[in-house]
Amino acid sequence: MKRMVIMAAATLLAGCAVLNTGSGVMSDGRHALLDQYSAADPYMVVNCVYNGWSRLGVNVESTSYAASGVPTVRVYRGVGADHKAQYDPVLEVRPSGSGSELLYVEAHPGTLPRAFEQTVKQCMVPYAGSTD
105 MKRMVIMAAA TLLAGCAVLN TGSGVMSDGR HALLDQYSAA DPYMVVNCVY NGWSRLGVNV
165 ESTSYAASGV PTVRVYRGVG ADHKAQYDPV LEVRPSGSGS ELLYVEAHPG TLPRAFEQTV
225 KQCMVPYAGS TD
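So the numbering used here is basically just the index in the sequence shown, starting at one, shifted up by 104.
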């Protein structure tokens, strides 16, 4: 199921338009802690973060949508003990030129382990091939 979500996201992102807003604002209006461009392919970034956060022992979800006609994938912590989605942290990935625009948000900065943000930063590095 997870692989199907990731594959759907990859299909959605393939051959998409350029987005370079530089606004640092998530689709839900929150300001991003990390607003950066990466030369890495959007699919690879989503796959890397999804797998990395999963290794941190949390339930991870992703969803795809189009904001102003630009496809975006949101990766976030999944359903918690209260059976509600935990949007802390959240990463939005959009195609931008030949790479990706990444927006990363924490609801209460400094309360999560730094491993979440470090995973995002590591996944921004372009690499060739995949072991998945």
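Even glycine gets a Cβ: it sits at the ideal position worked out from N, Cα and C.
**Prompt:** So, W157 versus T215, is the Cβ gap smaller than 8 Å?
**Reply:** By the CB criterion at 8 Å, W157 and T215 fall outside the cutoff.
**Message:** Which runs of the beta strand (DSSP E) at least 3 residues long sit entirely within the stretch 138-223? Give them in chain order.
**Reply:** Runs of the beta strand (DSSP E) lying entirely within the stretch 138-223 and spanning at least 3 residues, in chain order: 138-142, 164-171, 174-183, 189-200 and 203-209.
**Asked** Nearest-angstrom Cα distance between L195 and V162?
**Response** So the alpha carbons of these two residues sit roughly 15 Å apart.
**Inter-residue CB distance, A143 and E165 (contact presumed, cutoff 8 Å)** = With a beta-carbon spacing of about 26 Å, A143 and E165 fall beyond the 8 Å limit used to define contacts.
**Message:** Let's test the definition: count the other Cβ atoms within 10 Å of the Cβ of Y147 and tell me whether it reaches 16, buried, or not, exposed.
**Reply:** Classification of Y147: buried, given that the 10 Å Cβ count is 16 or more.
**Prompt:** To which residues does DSSP link V229 through a beta bridge?
**Reply:** Residue pairing by DSSP places V229 in no beta bridge whatsoever.
**Asked** Which term fits P217, buried or exposed, when burial requires 16 or more other beta carbons within 10 angstroms of its beta carbon?
**Response** When all chains shown are included, P217 counts as exposed.
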